[in-house]
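Going by the UniProt record's numbering, the first residue of the sequence shown is number 1, and it counts up by one from there. Quick reminder that beta carbons are idealized off the backbone N, C-alpha and C, glycines included. Quick caveat, the model's predicted, so the values are computed rather than measured. To keep things clear, I will list the structure first and then write my remarks on it.
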Amino acid sequence: MVSQMRKQIIVSKEEAVFWMDKNGNWNNEHGKFEHPKIIKYFNSSIKKDEKGYYVHQVSDEVEEKVYFHYEDTALFVVDIKEKEGMIFVLNNNDTVEFDSEQLFVKDDNLYFQTPEHMVKFTPRALLKISKFMEEKNGQLSFVINGKIHHVE
Numbered sequence: 001m002v003s004q005m006r007k008q009i010i011v012s013k014e015e016a017v018f019w020m021d022k023n024g025n026w027n028n029e030h031g032k033f034e035h036p037k038i039i040k041y042f043n044s045s046i047k048k049d050e051k052g053y054y055v056h057q058v059s060d061e062v063e064e065k066v067y068f069h070y071e072d073t074a075l076f077v078v079d080i081k082e083k084e085g086m087i088f089v090l091n092n093n094d095t096v097e098f099d100s101e102q103l104f105v106k107d108d109n110l111y112f113q114t115p116e117h118m119v120k121f122t123p124r125a126l127l128k129i130s131k132f133m134e135e136k137n138g139q140l141s142f143v144i145n146g147k148i149h150h151v152e
């Protein structure tokens with residue numbers, strides 16, 4: 001059996017017909033995407049390479065990369081899993097372990113920074129993580145398993 005090369009289609013940010021707003025909502029010229037399955041598909045298809053973030057789609061004959069504009073960041077914490085620590089679930093289904101040294105606040109929003117990505121917390125994720133938050137004298141901290149983690 002001989003493997004067949006897939007045709008590659010690459011769409012630049014300038015040619016893309018959709019984008020992500022600062023709240024992680026997908027949009028096109030007609031407005032915000034509303035269908036949950038389409039939103040989930042787009043989110044789960046987010047990848048990143050040296051040119052930036054793109055939506056990745058592969059079929060038997062075609063591999064497509066559509067680079068897209070985003071207002072703040074392309075990745076968002078959408079859920080929090082509590083295990084022996086805390087696991088952040090991202091909109092593209094990746095998971096990241098809690099690390100307080102990666103957390104920071106910017107413009108009244110909570111983010112974390114990895115070597116590859118800046119990730120913003122959605123309101124739903126903030127609500128779930130809020131039970132671990134403390135604020136004293138303007139210093140935001142998380143208390144997890146009795147240990148205090150300060151946020152810069």
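The residues I87 and V89, in chain order, have a CB closer than 7 Å to that of K81 in the same chain once the five nearest residues on each side in sequence are set aside. Around H69, the same chain offers K13, A16, W19 and M20 as residues with beta carbons nearer than 8 Å, after the five sequence neighbours per side are excluded. For the pair T122 and E61, the Cα-to-Cα distance works out to about 36 Å.
Each residue's CA atom was taken as its position, placing L127 and K136 some 19 Å apart.
C-alpha of V66 to C-alpha of M118: approximately 20 Å in a straight line. In this structure I38 is exposed. Its beta-carbon is surrounded by fewer than 16 other beta-carbon atoms within 10 angstroms.
Two segments are said to touch when three or more pairs of C-beta atoms, one from each, lie closer than 8 Å; by this definition the segment 97-110 does not touch the segment 48-64. Secondary structure at E82: strand, using DSSP grouped into helix, strand and coil. In the displayed model, F33 falls within coil according to three-state DSSP, outside both helix and strand. For K48, the enclosing beta strand (DSSP E) begins and ends at I46 to D49. Around the beta carbon of N28, fewer than 16 other beta carbons sit within 10 angstroms, so the residue counts as exposed. Comparing alpha-carbon positions, the option among P36, N145, R6 and E134 lying closest to K83 turns out to be N145. Rounded to the nearest whole angstrom, the CA to CA distance from F132 to V151 is 12 Å. Where K22 is concerned, there is no enclosing beta strand (DSSP E), because DSSP gives it neither an H nor an E. Counting the other CB atoms within 10 Å of its CB gives K120 a total of 16 or more, which places it among the buried residues.
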